[in-house]
Structure formats: structure tokens, C-alpha cells
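Heads up, the sequence shown is in my numbering, so the first residue is 4 and it goes up one at a time.
Heads up, the beta-carbon is just placed ideally off N, CA and C, and yes, glycines get one too.
Here's the structure we're looking at; comments come further down.
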Amino acid sequence: MTLASPNAARPKVFCSHRSVDKPRVREIARKLREAGIDAWLDEWEIKPGEDIVAKINEALAGYDVALIFVSKELEGGKWLQAEISAITTITIEDGKQVIPVILDPDVPIPPLLRSRCRLAHDQLNELIDAIYGRTGKPELGPARVAATQRQFLIRLRRISENEIGVAALQDEKPVAAEETVRLGAGFYFSYADFLRARLPGARRPEMAVASDQIRELQSLGDAVGQAVFHGPIASALTGLLKEAAQASEEIDLIIETSDPKLLAIPFEAARLPDGRIPSLENGVRVSRRLSGLPTQGHGPQPGPLKILVAVGAPDEGTTPNAVLDMERELQSILDAVEKARALGNAYVQILDVGSPEEIKRALLEQPFHVLHLSGHGNAGVLDLEDEDGNRRPVTAVDIAGVLRESGKPAPLVFLASCLSGAAGSEAASLAHGLLENGVPAVMAMQTSVTDRYSTQLAAAFYANLATGDRPLASRALALARRDLEQARRDATQRGEHQPPEYATASLFFSRAETAVLDRSLELVRPIEHGRQPASGAVPMLSIGDLIGRRQELRRILRVLTDDERSVAAIGRRSGCQVLGIGGVGKSAVAGRAMSRLADDGWMCVAVSGQWTLAELGTSISAALITAGTSHLQQAAKSLASPDLPDQVRVPLIGQLLNQQNLLLVLDNFEDNLALGGAKFLDPATGNVTLTLCKSAQRGKLLITSRYPVPDANDWLATEGLGPLSDAQMRKMLLRLSGLSSREPEELQLIRRAVGGHPRMLEYLDAILKQGEARLPDVKRRLLEQYRKRGIDLENASVSLDTAMQVALQVGAGDILLDELLALAASHGDREVLEQASVFPRPVSIEGLAFCLSGSRKHANEAQVALSHKATERLVRLSLLTRFPSGDIWVHRWTAEVLSLRMAAEAYRECCRRGGEYLVSGQRSVPEALEAARLFLSAEEFDRAVEEGLGILAFLHRYGQVSDLAAVARELAQKLPPEHQQRYVFIGMEADALVQLGMATHALEQWRIVMDSLESRVLANPGNTEFLDSLSVSYEHMADLMQSLGQGDEALFFFQKALSVRERLSAQEPDRFLRSLSVVYSQMGTLMQSLGLSEQARSFLEKDLEIAERLAKQEPGNIDLLHDLSVSYNKVSGLWEKMGQGRQALSFARKALDIAERLAAQEPSRADFLRDLSMSCVKMGDLMQSLGQVDDAHPFVQKSLDISEHLAAQEPDRADFLRDLSVSYERMGDLLIAA
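Structural data, given as C-alpha cells:
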């Protein structure tokens, strides 16, 4: 393939698109031209009267790269289809590059383009790099002996129980002959402590655990390092680290041995003699290789990246381990590959049951690159599950057997379980066993791992694996390990104490590592699982058809099979009633229960809606005939007879329920009840139902209904269905093609407005696809509601907002919402429902009573009792959902429809009361955020601002920058434009964006703030608060311009800030003089960067003058003294740059005097000690530059002493460790110079 030359000044690009997409394509083409790319667009190139075909042919003959823009408007574009055909021919014959650019999510890719790696329309920088041929691959330099990929191989050999042989090769050349190393008691004690990793618990706080583990991990690292990095190996590896860093090379650090116990040593903890940990060094990939196995293997598979996830989460009580947080782990994996998945570059299949049988079934269907197994484990064993929630312990032989029998083994197995890489005393590690049984690569855990770290590791690992043409598992793990450890250290600085777990994850190989996949190979599209469930009154669902509902299904089956756990808890029952609002998935759960019992030999009969005894008898008769049991054929014949009297038919059915394994499913039972479920429409149906309940012994009843069956609580267990969890909802979205590839912002809107309601999601998906539904029943219901409401099907999917409004209308009609609301109002419960509906999360009865009481105190017992009775009635109407905790909740889509039916004033009052309740007691950040949202909806903007500022302060304190940006943006968008605090939130978002590296976006936000403040100052020229804020906005604009390399623009805004600051200082010097000093300092720094030394000196001297004046006025103010020290250092740095070493030394000495004074006054302040260390370094450097090497030594030594002290106090601080490393280097340089 011929790419545009990186040196080509103006690569020519042909833009092929449909005319309806021109506005979006025009904007992209404009930005390409701004980047020096000659983008050809027909409206720019073809003049009136010119031959269109000739001009297009001319362009096709001369382009370097073709961009084909693919959107939902692709169909019907004849010109575009012709251009694609021509471009494809040119690509094949001339090797020119073609890049598909995706304008809309989830669009069908033309067959000829499916094998091409594609980009989204917002990946402009990646598109520009691709056109220029920039792939991140360095330019080809002169020939050299050493490769850019370096390898350091350490070979271990067991000599005796306490002795090992250690040798090393660098780039396949020996650097250390085998030397015998004794593993002393220190090694074994440290390793034992590591395997018994203590996790935070009730008796020991996180800080204590983290502190112990830091110390123990250091001891282990020293012990392992002394064993494998001895003498010449340490010297060689240290040298290689330095060489690789200077040349931007990667190091593949491999530990190779045939001994399983040696293979399991936590080499990731190993420390070099200088204290560095290779596994945490940039560019270092650590893995271990089991020697003595066959080296032949398969090459990498084509993309996209395909991950098969099986989570073993047995029910509590079936395993001695804690129940896994499965939902969080699944969400983290989905989040990690979200963007790659939306572009078709990644695919995730999550098994509903993490059993070996389901893993094999999935692998038989299609190959995967990664098999992700998550569950609790021990050395050599992993806990999976069966569909009943029982524990299924499996060994390496079991897992490898499943992979081998499938014929499509995954190249990488990810074992997200404790001790999966640790060797037990009797059994080798699970990872070692998999390698010995033919698995080429395994990622495993060396010790106990917290659920938090396991989840975050998986997310970071897959995010790295989803990028790159030939991703390596070792690189993905190295990046994830470093990122998580840095995040942990940052959290420690914020006061969060988490145990270090960087040495936990390890990579095992049975042969030389190969890429997990190769995206240069022709893309093989995965088999998507948009399943079509079975048909029938209540379809029997297969194991993968039911999303979520694991716990509910298990409880139902235990009731139906008289499981001893159920009998002990609630007694023996005749069956179970599954209750919930319409469309929540009751029939789906019943269908899966039928399938499970049918597999166990039960006869399953289902009727739906209103039924007669004759219909019931006919259905049972058919099941008996199908079963083929001879002694039941007479009963089957009798039940099929239309002339059989009811007095005979009822006892006959009752006898079958008493003596046979017969499941009788009565679906949509609410059709037999009056609205609200208070009574039967036909009393005879009630009598028959009660008789069936009394008869059921071996056989059982399974009833699905919106309302409880009257007078049946003594006979039937009750299982309420609430919404799908967020992770379950996302799994469902993967199966709905109209929703699966929506932008994250749109999916968030769907989650908030619709929630985890399965049928509403199905409706929304079908509406967006203009009536094409995944399920026939959904399409039937949808068309029925369309006809009732006069909705035009052809125009129902104009936008997501329109589709959601239509879906809400359809859903409201589907569940008879207006009729139910009228019934609730007749009982006086409408206000209770309206108040509950504003809460986006479940709320307690006491909380609801608090709101309804109208007071700011807790509700009294009478008010709670009244609320309890009202919620009971609303739950029976299916308008409220009760959770096992007792909290109640309104489905989000129902709440959305309800808000449209409420008076505006009443809705605002409910929101206000809800917000007041949420802030009335101790609350979490999510609750505070929901309170702020409720206050915004109530138009209580000042209360919303108060809560919002508190939330943002918390997020800032704990370094949660991404969340801070999102919350600040949301609050700013929802405040009225005229609200005085709106610009504050915009500015806070902008500051967060800067920290996230999004300076351009931050600039846009600060420009909004600046424009708003300029308008306010114009209207209120004497308002010092507005002027002060305006100056701050100018300073931020200047800082951002400077970071973007736009020095002139930065100077312009600093001058504007200076003008405002000088004006304010003249008016109120006591208040604003220090701020003026800051601007002078910033101006001096900018001038210095622009090479304007004299102007820089002028501004820095003005800054220094103010700093000296303020410090003299308040000699005891340590902050002002610190400002003065900074000013001295800046002036010193300027003199040094101007070549005036003596003057620089004079000011550096003044800064040092203040630093020593501050450190003496506040010896416990690490920042003052660090400033003193930096001042000593400055003095040492200046003296050395002046040739005073002997005089420099005490200062460098003092800096080193302070650095060692700080690093020993807080070994987790990355900045302290860097300072210590720099101090060692300076001392070394100084000793060499001496």
C-alpha cells in the first residue's frame, strides 16, 4: 500500500460523500486544509457549467488518499456508490490508500470497505496522521547494531530447596554466567507475607493495611531483587535501562525457568540496588516464560479484538468466599472498549452463566482473542458457577480441556482471580497448569487481589489492548500496571490509603510472545448476538436469551422445586407469582423457568391473558400427549373433550398438579383482574385459581401479573421484578442495533429517562428503526399503540428525542397508565406517587414521609404509617416497585411521563422537597449530586449552587478530575444564563479540562466566562468582584495560550489582566496588591520565554518589590514569606539565563535563607522541606557553574539528605522518589567533577 509521504507538503485527498452529508464533510475538509492537506471537495472544485464527470475523473486520477464518508444516508447514493467502485479499483490496481470515515454510529459498512480499518468523524488528529502516513512509527534512522526492541532474559534453575542458579542474556548475548544464589529466610518470610496479603477489614483500617503492605512489598522487592538482580545482572540491567530511556526503546524483561515454584515468584516486585522497580519503569515489559514446552504456535488472528467474558459469581452460602461485584467488573470491561466497539474494532460477549459448558458453547460458535475468567480462586483452582448459582471449582485441566475441545482456543486467558499465578504446596499454579496444557499465554494474579484493583486492572488492560495494529499483552499490562500505581500514589497524597497491588498481576507465556491480534489482516466480523427468542404464548428461553435476573430466577426455581432453602425460609408453596409493572420482563423470567424445568423432565403448560377451563384443559392435554406417558393418555383424552363438565375438569387438573411434575404457567394474569387487581373480573376464575393452588403439590403454578393475585398470598410465593441494573441494561443495549452504538451522552440520556425497563428499550429501538422490532410481540404491541394514538410510523424516528417521546407515549398506553393514575387518585395516593417519582434512586418510606410532611425535620410515626399504606396500594397497582431493602422506586420512564402530567408548580415543589430530604442527613456524593439536580428542577438555583460547590470541592480534593469536569458542565448548563454563579462552574470545568490535557476545549470555556464577565463589567464598571473575576479569566486565557505555544496571544491577555489588576490595586491595595504581584510574575516568566530578558527583568523586579513590601508588613506571615522566596528564585533564574552567575547566586542565597527559616518554623511541612531541598540544589548548581565545586558539595549533600528523609517518610510519593533520584545523579556528577 502506498501512503502519502510524510515529507509531502500537500497530500491530495479526495472526499467521497453523499450530498446530504455535505455540511459535516465540508467542516472536516476545511480542517484538513488548515492542516496543510489539499482536500478535494466538489463544491469547491466544480464551477458552474463545467463537466461534473470529467472533473471527478480528473480528481480520481490525481489523489493520494481517498476518504469515503459513511453515514446512515448511505443507501440510495448512486454517485457515492460509483465513486466507491472507482476508488476500490484504483486501490487494488495502484495501491492507493482509502480510509472509511464513520459519520454516524452503527451504520452499515459497504462490503468492499469492511476489511478497512476505519476512523470516527471526531478523530481528526488520527485522520490527519493517517493521511500524512504518520503511524507513531519513528523515522528510519541510520543502520545500527542494536534493535529498538531490547530484550533482557534471566534464566533460573533449581539447584536445591534453598539454592537457585541465575544467568542472564541481553539481546541474546550472555551478560552474566550462571551464579548460585541462596534464598535465605528473608526471602521466604517476605514471600509468605505476600501470599497472605492482608486486605482492609473491620479490625484494621485501610491506612494501617496500606502502610504494612508498602513496607512488606519493599522487603519482598529487596529479597527478590537480591536473588535475581545480583552483581553483574544488576549492572547490566541498570545500564540497559539508561540506554533504553535515552533512545526511547522498550525492554522486554523475561524470566525463564522450567520450575513451577520459581515461575511463580513475584518478579514484578523486584527492586534494583538503586531502589528502582523495573516493572514500574517506563518502557519495561515484564513477563515469565515456562521453558521445556513446544515452541510452535499459531500466528495472530485478524481483528476486531474479541473478548469472551465468564464471571463465576456463586450465590452467597454456596461458597466460603465473598460474593463478587459482578456488575462493576462487567461495566469496567464494557467501558474500556466502548469507543473501539462503536467503531467495529472490538467485540465483547458476556456469558449469562459462567460455566464451562457455556464457555465451550461460545467458543464452538466463533473464535475469541481473550477468554476473561473472573472468580474467586486458590492456587490451582478457580470458582465458576452453574445456572443455579452453585459453586463449580475448575482446574487448569478442566479449562484447557474446554479450549481444546472447542477447536478455537483463545490466544490469551485472563484469570481475574486471587492466587491464580501462585504455586501451591501440592498443586502448581492455575497459570502454570494452563501453559502445560497448551494455552500459549495467561495473565494471572500472584496473590489475593481486591475487587477494586481487579476491576480497574481489567479496564486499563483492555483499553490498551483495544488500540494498535498488533497489540501485545505485555505492553498492555505494563501500561495498566504503571497507570494504576500512579493513580494509587496520587490518591495517597489526597489522604486515601489503598494497599499497593502493582506486583499482583503477571503474564505467563509458553513460548515467545506474539501479538494478540493483527489488524492488518482482513477483518472477520464477529457473530453478533441479537437473539430471536423462541415463539409461543410464553416462549421457553435458552440460557443466553434472558438478560440478568439471575437471583430472581434462582429463587423462583427453588420455590417450584421445593428446594430445602426455600422451604426453610417461607415454607412449602403451591407456586410463585412474579409481579411487576408491564414490560419489566416477567414473561421472560417465566419462559426461562419453563425451559429449566423442561430440561429436568417437567411438563410445562402456558396460557396467556384471560382463559377458560376448556382452553386450560386443551393446553394440558397437548402437553400430556407430547410427553408420551402411557398412564396419562386417558387424562389427556378426557381434558381434550369439549363436552367434559367443569365439575370433572377441575378435579382432574388438580389431580395432575398434585401427583405429576406439571408446571402450569398463567401469564399476563392481570387480564383476569379488575383494573388495579382488587378483584377477579369473573368470580368463577377466582374459585378455580384457588382450587388449583390448593391442589398443587408435585406440580406447581407460576403466575405473572402486574397486580398480586387476590387472596393467594398464603399459597403463592411472591417475586417482584424491578429494573435491570446498569450493567444488565448495557448488555441488553448490545443486542439492540438501534441503540447499541449511540454516543455516550445519548446513552446517558436513555438511562436517565428510560432506565432499565426492557420493553421500553425494545420500543425505543424499534421506533428508531421505524417499526422493525427484534421481537414479534414488541412489534405487535407497538403497531397497536401507534394505531390507537394516530402516530405516523414513517416519521416517528426523526431524532432520539422524538423517538423517546413516542416511546413514552406508547409505553404509557401499553400499561394503561392514565387509568391507573385515576385509580391512585381515587384512593388519595396521587401525591405520594408524584413525590416518589422525582427521586432517581430508590427512597425509603421514611424519606417519602419526610417530604410529604412539609417540614425540615423527620416525619412522625403517623406520617410514616400513612405513607406506608399509600405505597402498599401503589405497589399493588404496579406503579411503585419495592426493593428487598423496603425502599420504593418509580420506573424512570413512568416518572418521565408522570412529570408531563403534573402541574408545573406541583412538580417544582416535589423536586424541592426531594432535594431537602437528600441533604437533611449524612449523604454521599451521588446523593448530593441528585439533590443539586432536584434543586435545579425546582428552580431553587441558589440551593443548587450551594450543593454543587460542595460536590466540586470534594472532587477537587480527591483528584477526581473527569467527574469534576462533567459535574461542573452539567451545573453550568442547567443554570439560567443570567445567574451570577454560572460562569464559576464554567471556569471550574475549564480548569479540569486543562488537567485532562484538553487545553483547546478549556480555552473555549474560558472564552465564554471572559465574554460573560466583560458584559457584566460593562454594565457595572465599579463592581470590584466582577473586575477581580474578569482579571482571573484573562490570566487563565493567557496561561492557556502560553501552553498552546501562542506567546503573542498570551501577552495580549496578560496585559489586559495587568490593566485590571493595577486599577484594583490602586483602589484597594491591601486586598489586591498580592494579586498584582502574581500577574507581574507571570508577565516576567512569559517575557523570559519569548527571549525578552530586559522586559522580563522589569516585571520580575516589580513582582519582587511588592513581595518584599508585603513580607515586611507582615513578617510572621509564612505564605507571604514563601511568595518572597519564589520571587527571589525567579529573579535568580533570570540572571542565570543572562549569564550573570554572581547576581544569580546572590538572589538564590536570599531564597535559601527564607527556605531555611520556613523549614525551621514548620519542620513537619513536607512542602517547605522540599522547597529547601530545591534551593540547595539551585545553590549547588550555581556554585558548580562558577567553578566552586568544593563549596557546592555541602548544598548538594544537604539536598540529598532532605530527599532521603522525605522518601523514607513517604515512600509512595512519586515526586519524592524522583527528587531522590535527581539528587543521587547530581551528587554523582559533582563527585566526577571534583
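Beta-carbon proximity check, residue i vs residue j, cutoff 8 Å
i            : j            : result
residue 377  : residue 420  : yes
residue 447  : residue 388  : no
residue 348  : residue 286  : no
residue 608  : residue 720  : no
residue 650  : residue 530  : no
residue 642  : residue 702  : no
residue 185  : residue 260  : no
residue 620  : residue 573  : no
residue 848  : residue 871  : yes
residue 1079 : residue 1113 : no
residue 435  : residue 266  : yes
residue 683  : residue 676  : yes
residue 477  : residue 510  : yes
residue 224  : residue 268  : no
residue 397  : residue 415  : no
residue 846  : residue 852  : no
residue 884  : residue 723  : yes
residue 255  : residue 152  : yes
Cβ shell of residue i (< 7 Å), same chain only, five flanking positions each side left out
i           : result
residue 756 : 807, 895, 896, 899
residue 34  : 127
residue 959 : 967
residue 933 : 843, 844, 921
residue 365 : 311, 352, 354
residue 508 : 446, 448, 460, 480, 484
residue 403 : 437, 440, 441, 442
residue 964 : 995, 998, 999
Where the beta strand (DSSP E) containing residue i begins and where it ends
i           : result
residue 578 : 578–582
residue 260 : 253–260
residue 349 : 349–353
residue 606 : 606–611
residue 175 : From DSSP, residue 175 is part of no beta strand (DSSP E); its letter is neither H nor E.
Cβ shell of residue i (< 6 Å), same chain only, five flanking positions each side left out
i            : result
residue 1052 : 1044
residue 1150 : 1131, 1134, 1135
residue 986  : 1012, 1015
residue 835  : 873
Extent of the continuous alpha helix (DSSP H) run through residue i
i           : result
residue 940 : 928–940
residue 630 : 616–630
residue 56  : 55–65
Residues near residue i in its chain [Cβ-Cβ closer than 8 Å; skip 5 each side]
i            : result
residue 1230 : 1199, 1200, 1203
residue 714  : 689, 693
residue 696  : 577, 578, 704, 715, 718, 719
residue 679  : 710, 823, 826, 879, 880
Suppose only complete runs of 4+ residues qualify. What are the alpha helix (DSSP H) ranges in the segment 1160–1205, listed by chain order? 1169–1188
Unbroken stretches of the alpha helix (DSSP H), 4 residues or longer, contained in the segment 869–914: The qualifying runs are 895–904.
Taking contact to mean 3 or more Cβ pairs, one atom from each stretch, closer than 8 Å, check whether the segment 662–680 and the segment 704–719 are in contact. Enough Cβ pairs lie closer than 8 Å, so yes.
Going residue by residue through the segment 682–719, where are the continuous beta strand (DSSP E) segments of at least 3 residues, counting only ones entirely within it? 703–708
Flag this pair as touching only if the segment 1031–1038 and the segment 1052–1065 have three or more C-beta atom pairs under 8 Å; answer yes or no. Inter-segment contact for the segment 1031–1038 and the segment 1052–1065 is present: three or more beta-carbon pairs are separated by less than 8 Å.
For the segment 168–178 against the segment 231–240, do three or more pairs of beta-carbon atoms, one drawn from each stretch, fall closer than 8 Å, so that the two count as touching? yes
At what residue ranges does the segment 436–521 contain a whole run of the alpha helix (DSSP H), taking only runs of 4 or more? 454–468, 476–496
Could you tell me whether the segment 87–98 touches the segment 43–58, using the rule of 3 or more Cβ pairs below 8 Å? Segments in contact, no.
Please list the segments of the alpha helix (DSSP H) lying wholly inside the segment 387–427, counting only runs of 4 or more residues, in order along the chain. With a minimum length of 4 residues, the continuous alpha helix (DSSP H) runs that stay inside the segment 387–427 are 399–409.
Decide yes or no for the touch test of the segment 512–525 against the segment 550–565: beta carbon pairs closer than 8 Å, at least 3 of them. Touching, no.
Start-end ranges of the alpha helix (DSSP H) lying completely within the segment 978–1013, minimum 4 residues: Within the segment 978–1013, the complete alpha helix (DSSP H) runs of at least 4 residues are 985–998.
Which ranges does the alpha helix (DSSP H) cover as unbroken runs of at least 4 residues, wholly within the segment 1059–1140, from first to last along the chain? 1072–1092, 1096–1116, 1121–1140
Inside the segment 213–293 only - alpha helix (DSSP H) runs reaching at least 4 residues: 234–250, 263–266
How about the segment 907–919 and the segment 940–950: do they share at least three Cβ pairs that are nearer than 8 Å? Under the 8 Å Cβ criterion, the segment 907–919 counts as touching the segment 940–950, having at least three qualifying pairs.
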